[in-house]
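Student:
Residue numbers (my numbering): 8 to 92.
#1: Would you kindly work out how many angstroms separate the C-alpha atoms of residue 81 and residue 67, rounded to a whole number?
#2: If you draw a straight line from the alpha carbon of residue 72 to that of residue 87, how long is it in whole angstroms?
#3: In the DSSP assignment, find the unbroken alpha helix (DSSP H) run with residue 47 in it and report its ends.
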């Protein structure tokens with residue numbers, strides 16, 4: 008067979024058809040197309056952007072709630088002191 012390939016060339020050129028090789032080539036082409044599709048999709052980028060935005064809003068809310076809680080506590084303390092006197 009190897010000697011035949013040297014004389015004739017590729018087995019496909021010699022008229023030999025290998026369905027297993029064709030099936031493997033088809034699978035590799037499909038895999039390549041799937042990988043290219045995954046690399047070109049942008050849905051995952053949107054999801055990451057939304058997650059970062061939610062994290063930023065949560066951090067701002069946690070920081071802001073602490074300051075608001077201190078201000079509300081001070082206001083109620085002032086009201087309590089003015090009612091008590």
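Even glycine gets a Cβ: it sits at the ideal position worked out from N, Cα and C.
Tutor: Well, looking at it:
#1: Those two C-alpha atoms are separated by around 21 Å.
#2: Those two C-alpha atoms are separated by around 22 Å.
#3: Here the alpha helix (DSSP H) through residue 47 covers 26-47.
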